[in-house]
Amino acid sequence: MAKRSGEVTVEWDSPERKRLRNEESTLYSFTTHVSPENACANAIIALLQENHAAPLLRAMDVAVQLVQKLKVLQSLGSPQVRDLFDQAYGRVLDFVGDVVYNLQQADRADRSNDGDLEPMLNSFAGVYQYLVEIIARHTELVRMASESKELAAYDVPLLSNINTCGPMLCALSKSSVCASLIALVLMPSSYSAVYLPWIVRAYSWCLAKDTLLRPAAWALFPAFCFQMYRQGRDGYTEVTDKPRITVDDPPDLIEVVANVVGFVACARAGGLQVRLQKVLPLPEWTEEEPSLDTVQQSVFGMLRSALSNPCFDILALRSVYSCTMCDSHCSKQPDPSLNTRQSSRMVTLSDWLPYWFIASSRQHETTSVRFVRSAVRFIGHAPPEDMALKSSPLGQGIIRRLSSSNREIRLAARDAVLSYSQNLSWDSDAVTHIKQANRTETMQILHKLVQELNGPSIVEEVFLLVAGGIGRVSQMDDNAMCEVLPYMVRYYCSSNVFLRAVAMEQLLVVSQVHQVSVARLLSCFSEHISCALAGTLIQGLLPAPFVQCMKMLETAPNDFLNRFQPRIVPELFIGGNETALKAVASILDIRLPVLCVNQAASIFARMFLMDDQPMQQAMLRFVSLLSAESELDKEQVEVNIPSLLRSCSVKLIFNLVLALGEHDSILRKRARSAIATVQNILDGANTQGVAVIVQQNTSNMRNMASDESPRSGGPAKPHMAASSQRLAAFVSQHILGVLAYMNELLRDTPETAMLRNEHMRRKAVMAIGEMVTLLGAQAAAHANNVVASLTPVLSGPIADCALDVWVVLAENLQH
Numbered sequence: 000m001a002k003r004s005g006e007v008t009v010e011w012d013s014p015e016r017k018r019l020r021n022e023e024s025t026l027y028s029f030t031t032h033v034s035p036e037n038a039c040a041n042a043i044i045a046l047l048q049e050n051h052a053a054p055l056l057r058a059m060d061v062a063v064q065l066v067q068k069l070k071v072l073q074s075l076g077s078p079q080v081r082d083l084f085d086q087a088y089g090r091v092l093d094f095v096g097d098v099v100y101n102l103q104q105a106d107r108a109d110r111s112n113d114g115d116l117e118p119m120l121n122s123f124a125g126v127y128q129y130l131v132e133i134i135a136r137h138t139e140l141v142r143m144a145s146e147s148k149e150l151a152a153y154d155v156p157l158l159s160n161i162n163t164c165g166p167m168l169c170a171l172s173k174s175s176v177c178a179s180l181i182a183l184v185l186m187p188s189s190y191s192a193v194y195l196p197w198i199v200r201a202y203s204w205c206l207a208k209d210t211l212l213r214p215a216a217w218a219l220f221p222a223f224c225f226q227m228y229r230q231g232r233d234g235y236t237e238v239t240d241k242p243r244i245t246v247d248d249p250p251d252l253i254e255v256v257a258n259v260v261g262f263v264a265c266a267r268a269g270g271l272q273v274r275l276q277k278v279l280p281l282p283e284w285t286e287e288e289p290s291l292d293t294v295q296q297s298v299f300g301m302l303r304s305a306l307s308n309p310c311f312d313i314l315a316l317r318s319v320y321s322c323t324m325c326d327s328h329c330s331k332q333p334d335p336s337l338n339t340r341q342s343s344r345m346v347t348l349s350d351w352l353p354y355w356f357i358a359s360s361r362q363h364e365t366t367s368v369r370f371v372r373s374a375v376r377f378i379g380h381a382p383p384e385d386m387a388l389k390s391s392p393l394g395q396g397i398i399r400r401l402s403s404s405n406r407e408i409r410l411a412a413r414d415a416v417l418s419y420s421q422n423l424s425w426d427s428d429a430v431t432h433i434k435q436a437n438r439t440e441t442m443q444i445l446h447k448l449v450q451e452l453n454g455p456s457i458v459e460e461v462f463l464l465v466a467g468g469i470g471r472v473s474q475m476d477d478n479a480m481c482e483v484l485p486y487m488v489r490y491y492c493s494s495n496v497f498l499r500a501v502a503m504e505q506l507l508v509v510s511q512v513h514q515v516s517v518a519r520l521l522s523c524f525s526e527h528i529s530c531a532l533a534g535t536l537i538q539g540l541l542p543a544p545f546v547q548c549m550k551m552l553e554t555a556p557n558d559f560l561n562r563f564q565p566r567i568v569p570e571l572f573i574g575g576n577e578t579a580l581k582a583v584a585s586i587l588d589i590r591l592p593v594l595c596v597n598q599a600a601s602i603f604a605r606m607f608l609m610d611d612q613p614m615q616q617a618m619l620r621f622v623s624l625l626s627a628e629s630e631l632d633k634e635q636v637e638v639n640i641p642s643l644l645r646s647c648s649v650k651l652i653f654n655l656v657l658a659l660g661e662h663d664s665i666l667r668k669r670a671r672s673a674i675a676t677v678q679n680i681l682d683g684a685n686t687q688g689v690a691v692i693v694q695q696n697t698s699n700m701r702n703m704a705s706d707e708s709p710r711s712g713g714p715a716k717p718h719m720a721a722s723s724q725r726l727a728a729f730v731s732q733h734i735l736g737v738l739a740y741m742n743e744l745l746r747d748t749p750e751t752a753m754l755r756n757e758h759m760r761r762k763a764v765m766a767i768g769e770m771v772t773l774l775g776a777q778a779a780a781h782a783n784n785v786v787a788s789l790t791p792v793l794s795g796p797i798a799d800c801a802l803d804v805w806v807v808l809a810e811n812l813q814h
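Quick note on numbering: numbering that gives the first Met the number 0 labels position 552 of the sequence shown as 551, and the sequence is numbered without any gaps.
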């Protein structure tokens with residue numbers, strides 16, 4: 000028995016190919032009275048008339064001769080020759096198909112004990128490669144001549160007859176298999192009405208069965224899906240009713256899938272481009288060959304590249320794909336002409352979840368990186384309902400990769416996370432709002448990821464890159480910018496030199512995108528970065544980054560801290576940064592108790608919105624801080640919380656009413672509970688301690704009916720009516736002061752344009768609506784004041800929100 004180990008390949012200059020090139024010159028010496036084309040056709044007829052029951056060895060030899068002569072006949076090119084070629088073409092393919100079938104049967108029966116069989120297999124492998132070219136060339140010529148997109152019944156099936164992986168058909172070599180599938184997938188003729196059902200079944204088989212064709216089928220899957228898209232069909236769903244790979248599949252196959260699965264999403268959405276002509280050589284046809292268009296040249300060039308290289312790398316196919324949408328906005332300088340195109344079909348993200356195991360640590364790192372990068376393409380073609388990062392399973396998986404130990408995976412995850420926030424020119428208003436929320440959500444995620452770290456970590460570099468990316472895709476008035484700048488400034492002021500450098504680099508990039516200087520950028524968000532800067536202070540020492548920021552802002556440290564006291568002091572106290580708090584008091588030359596009492600309204604508002612246990616701890620800490628300072632001065636001062644609350648009641652109630660405008664229903668419920676608690680304290684005795692206050696707040700929170708809010712709908716419960724009326728009366732007593740603060744917040748001046756962004760104004764207007772609902776019938780007495788507060792914002796970007804509140808007010812006035 001001949002030894003066959005692995006694949007037998009054929010060099011481009013093998014003896015069989017040389018014999019084929021010399022065949023034409025041999026034909027001319029037969030006779031002088033028979034034309035070369037007739038002599039060749041006669042030879043083909045004579046070979047076809049031989050006994051078809053001949054041994055397999057002889058049948059392969061005849062097949063070799065037939066293909067050689069058919070190739071020569073095709074190359075002659077005259078109209079008469081084409082008629083002769085058409086007469087012989089089908090019969091030759093039938094004969095070769097029979098030989099392939101007999102090889103399959105021999106493989107199954109293991110009838111390969113003839114020692115002379117292997118050399119003939121080599122010859123047959125060589126001419127079979129030519130046969131692929133003959134079929135491809137003939138198909139295109141017929142289509143161009145007749146504008147027919149249909150193939151003869153034997154053309155396409157023959158190209159996939161090598162699916163059996165027996166040792167004899169392995170001799171046809173992997174390059175022949177790839178070339179066969181390339182011709183099958185890329186030829187437009189394959190997608191005619193006659194053959195479309197057949198190619199769907201054949202391709203489904205190729206993707207699922209463990210054959211030589213499976214990796215090539217996956218590599219060509221984007222091209223197949225795009226061809227199906229052009230037919231108005233989704234090739235992915237038609238051939239993959241379930242995931243066609245698993246964790247147990249060969250690593251090389253999983254690598255192929257990781258490389259191309261992103262382009263499958265592009266193809267399904269209609270954005271795929273196949274740029275074969277840029278990377279593959281063109282064929283060399285005869286001068287009589289009709290002119291070929293770019294796509295045809297590309298197909299033939301790809302066939303020649305596959306056939307001429309026995310080690311043809313199917314992973315190279317990844318370089319021939321691009322997307323008119325993904326590859327325009329992912330680049331640093333997107334092509335404006337491409338960025339305006341819109342996908343005509345959305346692809347749900349759930350289709351790709353079964354492949355997520357490729358991103359796991361069990362796979363090779365390069366494979367995992369490739370797949371995570373493919374997620375950018377998944378997200379780029381996702382429908383609006385899948386774009387919310389907070390509720391996206393794929394998004395949550397990507398977020399976890401931001402903390403990967405592999406930097407390449409972290410960078411790939413960064414790009415994928417940012418694709419949830421990248422605005423595109425064709426986005427609808429709904430998608431734009433979703434992406435705006437995603438930007439804010441991303442910054443909150445970064446804060447959580449930092450808190451989960453045990454200490455400084457190298458992964459924080461990518462966190463900064465994500466923050467910089469959010470800054471680049473956000474507008475200056477975007478709420479996310481109020482989170483991005485403090486985040487980067489905090490790292491710029493850190494002791495880690497590397498992270499400081501990365502933070503400064505990202506600040507420069509964001510400022511360049513928005514066409515402002517870093518100083519101007521920081522100045523626009525000086526209120527928001529104030530806490531990050533103040534948090535770096537140490538008593539008796541001004542850190543160098545803090546000083547540098549003061550120079551860029553062109554302000555003195557004491558002026559800066561004094562200006563933003565209401566924001567800095569509550570943030571430092573709630574965050575437990577007593578060191579920085581003392582440093583602020585020292586720079587401002589104010590005693591720490593006085594500093595805290597001055598900002599008591601903001602501090603208490605933050606405490607009342609906390610959970611019970613943290614609120615109790617914060618209140619005890621507040622009392623302790625004030626008492627400790629008085630003990631140092633040997634002047635014992637009793638800290639009375641009810642008295643403190645009375646001293647700042649209007650601003651405290653304003654802060655709590657403002658919290659009613661939060662999107663988070665839990666925060667809104669806590670704000671209502673806190674207002675009720677403040678009412679109980681102010682209406683009660685001055686002897687209430689911390690424990691009593693916390694207990695009252697817990698009771699109010701438990702009894703607070705969530706359906707009292709217009710957002711949840713439904714009337715208030717009967718047993719809550721009395722307490723609601725008391726609460727409405729309490730708010731009514733302070734409404735003028737609350738509306739005065741609201742008007743100041745809603746006033747839009749050039750000086751406040753950046754400090755009070757659209758999100759804060761929208762929150763204030765929504766809070767007014769919640770307050771009107773809380774007032775109920777008592778809102779009628781203050782209708783004029785409410786209307787006066789809403790009128791200025793009716794012509795701005797939050798007019799829709801103001802109109803909603805107007806409707807709430809009108810409904811209350813009707814009762």
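Note that beta-carbon positions come from the ideal geometry of N, C-alpha and C, so glycine has one too.
These figures come from a predicted structure and were not determined experimentally.
Item, Value
"Can you tell me whether residue 647 is helix, strand or coil according to DSSP?", "coil"
"With a threshold of 8 Å on Cβ separation, who are the neighbours of residue 812 within its own chain once the five nearest residues in sequence on each side are excluded?", "778, 779, 782"
"What does DSSP give as the partner residue(s) for residue 546 in the beta ladder?", "Partner(s): none; residue 546 has no beta bridge."
"Considering just the uninterrupted stretch of the beta strand (DSSP E) at residue 273, what are its terminal residues?", "271-273"
"Which residues in the same chain have their Cβ closer than 8 Å to the Cβ of residue 371, if we skip the five residues on either side of it in sequence?", "358, 397, 400, 408, 411, 412, 415"
"Determine the contact status of residue 233 and residue 200, defining contact as a CB-CB distance below 7 Å.", "no"
"Mapping the DSSP letters down to three states, classify residue 492 as helix, strand or coil.", "coil"
"For residue 433, name the three-state secondary structure that DSSP assigns.", "helix"
"Considering only DSSP beta bridges, list what residue 537 is partnered with.", "540"
"Going by the beta-carbon positions, is the gap between residue 730 and residue 773 smaller than 7 Å?", "yes"
"From the DSSP output, in three-state form, read off residue 510 for me.", "helix"
"For a test of the three-state rule: what should DSSP assign to residue 203, helix, strand or coil?", "helix"
"Using a Cβ-Cβ cutoff of less than 6 Å, which residues in the same chain neighbour residue 207 once the five nearest sequence positions on both sides are dropped?", "243"
"Given this structure, state the Cα-to-Cα distance separating residue 676 from residue 519, to the nearest angstrom.", "43 Å"
"Check the C-beta distance from residue 72 over to residue 56 and give it rounded, since I have them as a contact under 8 Å.", "Actually they do not touch by this definition, with Cβ atoms about 25 Å apart."
"By the DSSP assignment, the alpha helix (DSSP H) with residue 235 in it spans what residues?", "234-238"
"Could you tell me whether the Cβ of residue 532 comes closer than 7 Å to any Cβ of chain C?", "Among the protein chains of the structure shown there is no chain C, as only one such chain exists."
"Work out the CA separation of residue 43 and residue 191 for me, nearest whole Å.", "30 Å"
"DSSP puts residue 34 in a beta bridge; with which residues?", "DSSP output for residue 34 lists no bridge partner at all."
"Is the Cβ-Cβ distance between residue 789 and residue 801 less than 7 Å?", "yes"
"According to DSSP, which residues form a beta bridge with residue 320?", "273"
"What's the call for residue 557, buried or exposed, on a 16-neighbour Cβ count within 10 Å?", "exposed"
"State the Cα-Cα distance for the pair residue 354 and residue 214, rounded to the nearest angstrom.", "16 Å"
"Taking the CB atoms as reference points, tell me whether residue 640 and residue 582 lie closer together than 7 Å.", "no"
"Determine the burial state of residue 221: buried for a count of at least 16 other Cβ atoms within 10 Å of its Cβ, exposed for fewer.", "buried"
"Keeping to the same chain, check which residues put their C-beta closer than 7 Å to that of residue 251; ignore five residues upstream and five downstream.", "214"
"Starting from residue 227, trace the alpha helix (DSSP H) in both directions and tell me its first and last residue.", "220-229"
"Going by CA-CA distance only, name the one from 381, 323, 547 that's closest to residue 346.", "381"
"Using alpha carbons as the reference points, say which of 664, 386, 682, 768 lies closest to residue 816.", "Nothing in the structure corresponds to residue 816, since the chain is present only between 0 and 814."
"Are the CB atoms of residue 322 and residue 269 within a distance shorter than 7 Å?", "no"
"I need the DSSP call for residue 569, collapsed to helix, strand or coil.", "helix"
"Taking the Cβ atom as the reference point for each residue, do residue 649 and residue 736 lie within a distance shorter than 7 Å?", "yes"
"Please go through the same chain and pick out, in chain order, the residues whose beta-carbon is closer than 6 Å to the beta-carbon of residue 147, but skip the five residues on each side of it.", "In this prediction, residue 147 scores a pLDDT of 40, lower than 50, which makes its location untrustworthy; no coordinate-derived value is stated."
"Taking its Cβ as the centre, do 16 or more other Cβ atoms sit within 10 Å of residue 450, making it buried, or is it exposed?", "exposed"
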